[in-house]
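Comments concern the structure below.
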Amino acid sequence: MNPHDAQGRQGDLKSNYFLKIIQLLDDYPKCFIVGADNVDSKQMQQIHMSLLGKAVVLIGKNTMMHKAL
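Note that the working numbering numbers the sequence shown so that position 62 is 159, with each residue one more than the last.
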């Protein structure tokens with residue numbers, strides 16, 4: 098595998114994530130940002146399921162959130 102291919106795909110993922118954040122901020126009048134340190138996957142799944150149909154859950158790294166905001 099060419100290392101440049103992997104970098105290109107990673108750049109596409111970051112670009113798509115950034116666009117998703119921007120679109121959600123345009124679509125919804127309110128936003129709730131939380132820190133989720135040391136939360137295991139089972140607990141995160143329970144949180145996600147409890148919000149299903151009530152909210153959009155987008156999980157990402159701090160740097161992408163900061164750049165989008």
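C-beta atoms are modelled at their ideal positions from N, C-alpha and C, and glycine is treated no differently. Just so you know, these numbers come straight off a predicted model, no measurement behind them.
- Task: Tell me whether the beta-carbon of residue 162 lies closer than 8 Å to the beta-carbon of residue 119.
- Result: no
- Item | Cβ-Cβ distance between residue 122 and residue 155 below 8 Å | No, these two residues do not count as a Cβ contact at 8 Å.
- Along the alpha helix (DSSP H) that carries residue 151, what are the first and last residues, could you check? Counting along the chain, residue 151 falls outside any alpha helix (DSSP H), and DSSP gives it neither H nor E.
- Tell me where the alpha helix (DSSP H) around residue 135 begins and ends. Note, residue 135: premise wrong, no alpha helix (DSSP H); not H, not E.
- Inter-residue spacing [alpha-carbon to alpha-carbon] between residue 72 and residue 125: Shown here, the chain extends from 98 to 166; a query on residue 72 therefore has no answer.
- Task: Indicate the three-state DSSP secondary structure (helix, strand or coil) for residue 85 in the structure shown.
- Result: Any property of residue 85 remains undetermined from this structure, which presents the chain solely from 98 to 166.
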